[in-house]
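J.: Please see the structure below; I have some questions.
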Amino acid sequence: MPPQLERLLYTLRTYAWLWDPRRFTNLPELKIDRPIFLVGTQGGGLTLLSRMLRRHPQAISASGDHRYWTSSDEIQNTMGLILPDSLSGIRFKAPPHPHFTPPRSWCYAARDLFPRYRRRAEDADLDQAARFKHCIRLAAVRHAPDRQNFRFVDKSQSFIVRAGLVWRLLEDCQPQFVLVPRDPYVSVQRAAEGKAGDMRRYASFLSLEERIDICAEHYANSFRSFFEDAESEGFPYHLVRFERLLEAPEATLRALCTFCGLDFREDMLPQASHRLPVGSRYRDRWFPLRADVNQAYLDRLHPHTVARVNHHCEGMIERLGYDVRR
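Here the working numbering = 1-based position in the sequence shown + 12.
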């Protein structure tokens, strides 16, 4: 299928809920059971891990079930138009900035924008909770094969700086958080070079060194915020390093399924026999797994990347399971 047509189908399926009249109604009080939120930074392996989980027959996302396991899985974007501002703002309802235009992937947690995106448990209220649950239930009504037995899976990246808020809004549902880091030096280098869409656009007026600064701030503030919220609210989380997922996918996924309360199935792992559903993007993010994916970035690691990551992420690099570079 031509890439342009594939992307069109993906977009149509992502926003098909806009034409569903049920979004205007009082939906059934379906039980939202332990929704699973994968949090990290863009390009850090969230798509791969999300796809694995969403091959489970209980799993749904904002725009598909296990049969469309490559569907859009960021409710912050998919349903951003009807979510509270506090849970959106990446593509829709983005706080204004004179230079950092949306959509944003590697700047919302940097110094200039961070205060406008950071949300904590004390920012929660009943209206936000009701609207959030309405969106999840709308996804269930539209996509869950069994409305009494579904697990919502999402990887809205901005939730890493809003984990406390998400926890409080859904506390009665016992949300489960999966923290997914990727090597901080690789992540920052990769994003600053232009793999991050916003950094690619901002290259017209920012130098590489300036983009590295922004990305290092973003990485540090993202993970620091999550740790702060986990400690202040006392919610459990499971850490999956991207590199570990590539090196030992079965063991890593088995442990994650145990944490999430899902039965592990071999077919959740990437296999050569799998065919991605019609209307898929990022077809390279499945099979085969490439354990050496970081090496190209490490080979050309900019000295400024090392310096700024060490400065901004002091004390956190080791906590995430990585070695400090000098």
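The beta carbon of each residue, even a glycine, is placed where N, CA and C say it ideally should be.
1. Beta-carbon within less than 8 Å of Ala215's beta-carbon, same chain only, minus the 5 sequence neighbours each way: which residues are those?
2. Can you tell me which residues form a DSSP beta bridge with Asp77?
3. If you measure between the beta carbons of His324 and Glu229, is that distance less than 8 Å?
4. Which whole-angstrom value is the C-beta distance of Leu301 and Pro289, which I expect to be below 8 Å?
5. Flag this pair as yes or no: are the beta carbons of Phe171 and Ile148 separated by less than 8 Å?
6. Label Trp298 either buried or exposed according to how many other C-beta atoms from any shown protein chain fall within 10 Å of its C-beta, with 16 as the threshold for buried.
7. Please classify Val153: does DSSP put it in a helix, a strand, or coil?
8. Using the DSSP secondary-structure output, state which residues sit across from Asp166 in a beta bridge.
9. Would you please state the rounded distance, in angstroms, between the beta carbons of Pro84 and Ser73? I believe it to be under 8 Å.
10. Starting from Tyr249, trace the beta strand (DSSP E) in both directions and tell me its first and last residue.
11. Put Phe171 into one of helix, strand or coil per three-state DSSP.
12. Could you give the first and the last residue of the continuous alpha helix (DSSP H) run that contains Phe235?
13. Report the option in Leu313, Pro248, Leu50, Ala122 whose CA atom is closest to the CA atom of Phe254.
14. Arg174: which of Asp158, Met211, Leu191 sits nearest, CA to CA?
15. Out of Leu274, Leu332, Ala284, Lys43, state which residue places its alpha-carbon closest to the alpha-carbon of Ala152.
16. Excluding the five sequence neighbours on either side, which residues of its own chain have a C-beta within less than 7 Å of the C-beta of Ser178, listed in chain order?
17. Can you name, in chain order, every residue of its own chain whose Cβ lies under 7 Å from the Cβ of Leu162, other than the five neighbours on each side?
18. Express the C-alpha separation of Arg293 and Arg79 in angstroms, rounding to a whole number.
19. Please tell me whether Leu10 and Trp29 are closer than 8 Å, where the distance is taken between their beta carbons.
20. Helix, strand or coil for Phe254? Go by DSSP, reduced to three states.
21. If I follow the unbroken alpha helix (DSSP H) through Leu58, where does it start and stop?
22. Return the Cβ separation of Phe276 and His250 in integer angstroms, given the expectation that the two are a contact with Cβ distance under 8 Å.
23. What residue from Glu278, Trp118, Arg123, Pro110 has the CA that sits closest to Arg202's CA?
T.: If we stick to the structure as given:
1. Within the same chain, Ala215 has close Cβ partners Gly206, Arg223.
2. Ile72
3. yes
4. No, Leu301 and Pro289 are not in contact; Cβ-Cβ is about 19 Å, not under 8 Å.
5. no
6. buried
7. helix
8. Phe49
9. According to the sequence displayed, residue 84 carries Ser and not Pro. The Cβ separation is near 7 Å, so the contact holds.
10. 249-251
11. helix
12. Bounds of the alpha helix (DSSP H) holding Phe235 are 220-245.
13. Leu50
14. Its Cα nearest to that of Arg174, the residue Leu191 stands out among Asp158, Met211, Leu191.
15. Lys43
16. First, the amino acid is wrong: residue 178 is Val here, not Ser. Closer than 7 Å at Cβ, skipping near neighbours: Phe49, Phe171, Pro187.
17. Leu is not the amino acid found at residue 162; the sequence shown has Phe there. Closer than 7 Å at Cβ, skipping near neighbours: Gln70, Ile72, Ala152, Ala156.
18. The straight-line gap from Cα to Cα measures roughly 15 Å.
19. One cannot answer for residue 10 here, as it falls past the ends of the chain, which runs 13 to 338.
20. Looking at Phe254 - three-state DSSP - the assignment turns out to be helix.
21. 58-66
22. Contact doesn't hold; Cβ gap of about 14 Å is too wide.
23. It is Trp118 whose Cα lies nearest to the Cα of Arg202.
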